[in-house]
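Per numbering that gives the first Met the number 0, the very first residue in the sequence shown carries number 0; after that it's consecutive.
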Amino acid sequence: MGVCVREESVLKSVCRGMAPDPGPRAYTVSCSLAKAVVDPAHLASILDAVARVHTCTYHATDLLNLYVRDRLEHHGGTGLDGIFTQNWLLGAYNAVSVAKGRGAKVDAGVQAVFDAHMRGTFAPPMRAGLTQALTYECINLAAVGSTNVWKHFQKRVLAYTRTAFALDEEQYAALSKDACRARKLALLQAANDVCRPPDEPKRSPDAYHAWVDATRAALGIDAAVGDWKGKPLLWHLKAKPHRFLKATHAMSLAQHAAGRKAFALFPLRRAHVPRHVRFDKKVLDSLLGLGEEYAVGKAKKAAGPDLNAPAGRAPKRKRDDPSLLQEKAIVFDRVLDLKRAGVHRRRHFAFAFTTDGVSLHLNMEQPPIAAAPPPPPPRLPRRGVHSIDALKAAARAADDLHVIGIDPGKRELVVCVDADNPKKAPVVRYTLAQRCHDLRTRQYADEAKRGKPAAVTDAEEELSAFHSKAPSLDEYARFSAKRRALLREREEIVDFYADLAFRERRRKTKIKAQQSEARLVARLRGMHAADDPRQLVLAYGAWGLVAGRPNMPGNKGHPPAIGVGLMKRLARDFVVALTPEHYTSKTCVKCSGPCGAHPTLKTKTNKEIRGLRVCQHEGCGLLQNRDRMGATNIGFQFARLVRGQPPLRPMSNEELEFHRLQMCAECDGD
Numbered sequence: 000m001g002v003c004v005r006e007e008s009v010l011k012s013v014c015r016g017m018a019p020d021p022g023p024r025a026y027t028v029s030c031s032l033a034k035a036v037v038d039p040a041h042l043a044s045i046l047d048a049v050a051r052v053h054t055c056t057y058h059a060t061d062l063l064n065l066y067v068r069d070r071l072e073h074h075g076g077t078g079l080d081g082i083f084t085q086n087w088l089l090g091a092y093n094a095v096s097v098a099k100g101r102g103a104k105v106d107a108g109v110q111a112v113f114d115a116h117m118r119g120t121f122a123p124p125m126r127a128g129l130t131q132a133l134t135y136e137c138i139n140l141a142a143v144g145s146t147n148v149w150k151h152f153q154k155r156v157l158a159y160t161r162t163a164f165a166l167d168e169e170q171y172a173a174l175s176k177d178a179c180r181a182r183k184l185a186l187l188q189a190a191n192d193v194c195r196p197p198d199e200p201k202r203s204p205d206a207y208h209a210w211v212d213a214t215r216a217a218l219g220i221d222a223a224v225g226d227w228k229g230k231p232l233l234w235h236l237k238a239k240p241h242r243f244l245k246a247t248h249a250m251s252l253a254q255h256a257a258g259r260k261a262f263a264l265f266p267l268r269r270a271h272v273p274r275h276v277r278f279d280k281k282v283l284d285s286l287l288g289l290g291e292e293y294a295v296g297k298a299k300k301a302a303g304p305d306l307n308a309p310a311g312r313a314p315k316r317k318r319d320d321p322s323l324l325q326e327k328a329i330v331f332d333r334v335l336d337l338k339r340a341g342v343h344r345r346r347h348f349a350f351a352f353t354t355d356g357v358s359l360h361l362n363m364e365q366p367p368i369a370a371a372p373p374p375p376p377p378r379l380p381r382r383g384v385h386s387i388d389a390l391k392a393a394a395r396a397a398d399d400l401h402v403i404g405i406d407p408g409k410r411e412l413v414v415c416v417d418a419d420n421p422k423k424a425p426v427v428r429y430t431l432a433q434r435c436h437d438l439r440t441r442q443y444a445d446e447a448k449r450g451k452p453a454a455v456t457d458a459e460e461e462l463s464a465f466h467s468k469a470p471s472l473d474e475y476a477r478f479s480a481k482r483r484a485l486l487r488e489r490e491e492i493v494d495f496y497a498d499l500a501f502r503e504r505r506r507k508t509k510i511k512a513q514q515s516e517a518r519l520v521a522r523l524r525g526m527h528a529a530d531d532p533r534q535l536v537l538a539y540g541a542w543g544l545v546a547g548r549p550n551m552p553g554n555k556g557h558p559p560a561i562g563v564g565l566m567k568r569l570a571r572d573f574v575v576a577l578t579p580e581h582y583t584s585k586t587c588v589k590c591s592g593p594c595g596a597h598p599t600l601k602t603k604t605n606k607e608i609r610g611l612r613v614c615q616h617e618g619c620g621l622l623q624n625r626d627r628m629g630a631t632n633i634g635f636q637f638a639r640l641v642r643g644q645p646p647l648r649p650m651s652n653e654e655l656e657f658h659r660l661q662m663c664a665e666c667d668g669d
């Protein structure tokens, strides 16, 4: 049976405090490729196409990383205007692949880098029948590359600032707590000043102003922007991301020289296991040689010229054109048997899919229902992420809401407490250990490791001595040459990672993740009585908006966790209200006094027990679980803010400045 996955989440209006326009409902259904494709010849061709597209992407991204570094080091950063344009990127794919007939168009600079570093070092794959599939790969690569620039640029400026003013361990240990906090705030302000328009006043202390001006000149911020047009830096990063590669390269060089993590300049395909490839009517027709495009063209020619169409060009049809839909249906009916694959609502199939050779993700689209006028919108929303002010305006009274306080975390992903009865109502916990058990993370990792040949393990250890994000061309070229040499010398690498078991485990992991999340949703629904007329609202701790992201507090010592993705998943079934959690884990739920570590109970290494908190008031002294206390107070915080009351503890001006600057560094423009 197919497994439904919503393709586009409804969460781009968090900061605006309103529900997004749902638009047409598009979703994805996952099933097995082997069940859906009946013809063994078609299945073999699709598997071969996935492998060839993966090989092309593997080498094309390597070539583009070499090209970017070459242009930045030897040509002053020129020649990068098209680096995030799909048509220009297709030339790199043409350079690393071969096809029958005349050669394809390749940029002269890309060709020169290929001849200098890559020619003769690998067997180029055939791209016959894959032009459209490679175009889709270029579209994806352009989007990922540009997003890598604008989404992370301001955070990288902050990392560069911290490196410029780094202290050794002795110097840092000598600072008092207040001095550390003042220094942290000053560095945030200095990094923010580097990214501010030149006509805005600086917010950092005077001692940093000279460094800010010198850094803006060294990175070429104003030169990259050109005319600011009264727009913030984020707007220019999105409009012309290629202009900021030079600044990113300069910061990466400084980070690398200081022994810190360098920054990625361009996406690089590192995985040997093929990823999903997009197939539509044109890709299938050219790949499988169905001849439908030729038949359609012949029929149009026989019908005579279209007087309304431009000379030499066929008339363009809309997506819902009946003739176009019929042509797509003919092609896909010859390739896919969705009934055999157990796919429901097959009439919603949008005639496109992606596959990695095992899992088949079908694009589905529910057509709009043409019926009576829609009913009036509900007084309160039923799902999505909303601001507290928006919910306060929609609800006639706070009593219309049934609040569940949720404290997000890394080890305990969510701890959910019913605000109506926080003391006696059962607590819903969803932990990282439980999720790993549901997804069989350790089992699948052991299976993959158990069958790994010694030659593959040795090759990976050899390659780990090189740096894939090295900012200099020479150092990256050594890494690039080494990994191609290993692939050429050890055939076991390709054979091992070509095993379909890797992709089968990836498919099963996705299914088990959906099942695990569905059980969490059912448990949350169980906290709300069926006959309760109130609207269920999840008061979600605001840290959940950035939970799980790299370099965030709480990551150290913990494996990667789903983080913000879990909040987005819950927003598909519930109303989620991001709630400030300032001091919610340090405030007693009984007397609202300060809470801290237990004065005597310690771990074996004489450290405080993280999950244990005790009220510091002599008359209280309540022992509390940190996460349950935080979830309870988050629910109380939401109720107070909805009623127009002040929060549990107002933030000071310094804390507000910290929060604003950290949000600016994390802002992605959504």
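Cβ coordinates follow ideal geometry from the N, Cα and C atoms, glycine included. Just so it is clear, the structure is predicted and the values come from calculations on it, not from any experiment.
Tell me the DSSP secondary structure of residue i in three-state form.
i, result
"residue 608", "coil"
"residue 594", "strand"
"residue 69", "helix"
"residue 473", "helix"
"residue 162", "helix"
"residue 95", "coil"
"residue 274", "coil"
"residue 46", "helix"
"residue 587", "coil"
"residue 406", "strand"
"residue 363", "strand"
"residue 538", "strand"
"residue 614", "strand"
"residue 466", "coil"
"residue 340", "coil"
Could you tell me the distance, in whole angstroms, from the CA atom of residue i to the CA atom of residue j?
i, j, result
"residue 76", "residue 329", "48 Å"
"residue 351", "residue 224", "39 Å"
"residue 384", "residue 90", "42 Å"
"residue 532", "residue 363", "34 Å"
"residue 636", "residue 398", "15 Å"
"residue 38", "residue 339", "13 Å"
"residue 69", "residue 239", "20 Å"
"residue 284", "residue 267", "30 Å"
"residue 654", "residue 609", "23 Å"
"residue 280", "residue 327", "6 Å"
"residue 67", "residue 561", "32 Å"
"residue 160", "residue 237", "22 Å"
"residue 534", "residue 379", "7 Å"
"residue 33", "residue 501", "15 Å"
"residue 251", "residue 258", "11 Å"
"residue 153", "residue 465", "27 Å"
"residue 164", "residue 467", "26 Å"
"residue 732", "residue 390", "What is shown of the chain runs 0 to 669, which leaves residue 732 out entirely."
"residue 214", "residue 193", "7 Å"
"residue 287", "residue 65", "34 Å"
"residue 109", "residue 80", "13 Å"
"residue 487", "residue 506", "29 Å"
"residue 20", "residue 387", "For residue 20, the pLDDT reaches just 45, beneath the cut-off of 50, and the residue's location in the model is therefore unreliable, although a value from the coordinates is still provided. Roughly 19 Å between the two C-alpha positions."
"residue 227", "residue 177", "37 Å"
"residue 141", "residue 147", "10 Å"
"residue 361", "residue 272", "21 Å"
Could you tell me how far apart the beta carbons of residue i and residue j are, in whole angstroms, since I believe they sit closer than 8 Å?
i, j, result
"residue 469", "residue 255", "7 Å"
"residue 218", "residue 249", "6 Å"
"residue 590", "residue 615", "So it is not a contact: roughly 10 Å between Cβ atoms."
"residue 627", "residue 402", "That pair is no contact at about 15 Å."
"residue 404", "residue 50", "About 49 Å separates the two Cβ atoms, so there is no contact after all."
- Query: Touching or not, the stretch 500-517 and the stretch 476-492, by the rule of three or more beta carbon pairs under 8 Å?
  - Reply: These segments do not touch.
- Task: Please specify which runs of the alpha helix (DSSP H), each continuous and at least 4 residues long, are wholly inside the stretch 494-529, giving them in chain order.
- Result: You should have 499-524.
- Query: Could you give the uninterrupted runs of the beta strand (DSSP E) lying entirely in the stretch 409-455, keeping only those of 3 residues or more?
  - Reply: Fully enclosed beta strand (DSSP E) runs of 3 or longer: 411-417, 427-430.
- Task: Mind the definition here: the stretch 160-174 touches the stretch 133-143 only if three or more C-beta pairs lie below 8 Å; say whether that holds.
- Result: Verdict: no, contact absent.
- Message: Does the contact criterion of 3 or more C-beta pairs under 8 Å hold for the stretch 109-128 versus the stretch 83-100?
- Response: Touching, per the Cβ criterion.
- Query: Per the contact definition of three or more C-beta pairs closer than 8 Å, is the stretch 403-413 in contact with the stretch 430-448?
  - Reply: Yes, since at least three Cβ pairs between the stretch 430-448 and the stretch 403-413 fall closer than 8 Å, the two stretches touch.
- Assess, as a yes-or-no matter, whether the stretch 567-577 is touched by the stretch 445-452 under the definition of 3 or more beta carbon pairs within less than 8 Å. Contact between the stretch 445-452 and the stretch 567-577 is absent: fewer than 3 CB-CB pairs across the two stretches fall below 8 Å.
- Query: Do the stretch 112-120 and the stretch 187-206 make contact, defined as three or more Cβ pairs closer than 8 Å?
  - Reply: Counting Cβ pairs under 8 Å, fewer than three are found: no touch.
- Task: Pick out the complete beta strand (DSSP E) segments inside the stretch 94-157, 3 residues or longer, and give them in chain order.
- Result: Counting only runs of 3+ residues, no beta strand (DSSP E) is found wholly inside the stretch 94-157.
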